[in-house]
Structures are given as C-alpha cells and as structure tokens.
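Engineer:
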Amino acid sequence: LKPSNILYMDDSGNPDSIRICDFGFAKQLRGGNGLLLTPCYTANFVAPEVLMRQGYDAACDIWSLGVLLYTMLAGYTPFANGPNDTPEEILLRIGSGKFSLTGGNWDTVSDSSKDLLSHMLHVDPHQRYTAEQVLKHSWITCKDALPHFQLTRHDAPHLVKGAMAATYSALSQKTSQPVLEPVAASSLAQRRSMKKLTSTDL
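1 is the number of the first residue of the sequence shown in the UniProt record's numbering; add one for each residue after it.
1. Does DSSP put residue 121 in a helix, in a strand, or in coil?
2. Taking Cβ to Cβ, would you say residue 137 is nearer than 7 Å to residue 116?
3. Nearest CA to the CA of residue 125: which residue from 58, 134, 19?
4. Can you name, in chain order, every residue of its own chain whose Cβ lies under 6 Å from the Cβ of residue 128, other than the five neighbours on each side?
5. Given 8 Å as the limit, is there contact between the segment 62–73 and the segment 137–148, that is, 3 or more CB pairs closer than that?
6. Closest by CA to residue 20, which one among 6, 112, 11, 148?
7. With a threshold of 6 Å on Cβ separation, who are the neighbours of residue 109 within its own chain once the five nearest residues in sequence on each side are excluded?
8. Nearest to residue 64 by CA position, among 147, 3, 76, 132, is which residue?
9. What's the gap between the Cα of residue 139 and the Cα of residue 113?
10. Which same chain residues end up closer than 7 Å to residue 16 when comparing Cβ atoms and leaving out the 5 residues on each side of it in sequence?
11. Grouping DSSP H, G and I as helix and E and B as strand, with all else coil, what is residue 7?
12. Can you tell me where the alpha helix (DSSP H) holding residue 60 begins and where it ends?
13. Take the Cβ of residue 66 as the centre, count every other Cβ of all protein chains shown within 10 Å, and call the residue buried at 16 or more, exposed below.
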C-alpha cells in the first residue's frame, strides 16, 4: 500500500468514497501458515519481514499504512529523512523499526496518534496491530475528542522525494546479483577432480 494506490472515487472528499486501486502485485493468503515468500513491495513502504525474506502476511499492509500515516503527520518519511542518508543507515532503521516521534510536528501531535503509530510500526509482525485493532484504537474511535492543532506545512516536497530516492537506492543495493564463478571452481567440480586423481593413483 502506498499513497498513489489510495484514491477518492469522486470529488466529494467523503471518506466513504476512498478506494484502494492497482492490485497488480496483490497476493491472496492461503492455507498452511498463511505466509507469503515472494517479495513484492515499494521501497519506502516495505515491512522488515518482507525486506528480510522471513515470510509475511497481512501485517505488512499495516506497516505500510503506518508509514503513510507517519508521513502525513510529520511531513517526511520515517526511515529516510533526506538524500544524504546512507543506504546502511536506512536499512538499519527499517530492519530495527527505528524512527523518531519527537521534534517538528510531533510536538503538537497527540499522544494517542503516537501510540497508534508505535503499534502499527512495530518491527515484530506478531506484535503489530491488526486492522481490527487499528480501527478500535482511541485515535480512531474518539477522534472528536482529540485536540485541534495546525500542523506545519512543509513546502519542500523535494526533501520527501529525496528521502524516497535514498530509500529506493538502499534497497536496490541490498538486492545484489550473485557473482558467477567458473564451473571448475565449484566445490562439486573440485571433489570430482580429486576423485579422478585418487582413481589414477590406484
């Protein structure tokens, strides 16, 4: 899930008209342990378990929504704050679930929203909130009781784009191609060579 896949069906702006689109990489969970193994993701919104190829389920969608909610509230992405972040720093933050909820807009964001985010972006998918738990959270159910603060508008979209580009670069470097060596250098070929030498000696 990512912003470009969440659209309004009409111009009303009514929440009921929100739709999810582009199911090209959508997967249906099946029997067994219900885990999927083939990584299908967009860089900035990938959950740690997908990145680490540990098998994943619907919990990865909650992570993606958590990244989206974080970006909407903060004005920047949680794991890459600019194009100068190194790939190692970004991957470490994603893999460890390390992000900040202080400074900037976070000084005026409610504790309730921070609590929800911390559960949606929990690095352990088994402890991450389910969709049902998200909908039952007080930030959703008691939204009318939340304080009204004007969030700071960030008129620097290039910073967000730079952060996304840095994350994509980090993930691209991680997925490196294996180095192919000559067949004769393989352990199997070497064992066969030793076996032939032993047979000749006999």
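Beta carbons are placed, not taken as given, at the ideal position from N, Cα and C, and that holds for glycine.
Structural biologist: With the structure as the only source:
1. coil
2. Result yes, Cβ atoms of residue 137 and residue 116 sit closer than 7 Å.
3. 58
4. 59, 62, 122
5. no
6. 6
7. 73
8. 3
9. 6 Å
10. none
11. strand
12. 59–74
13. buried
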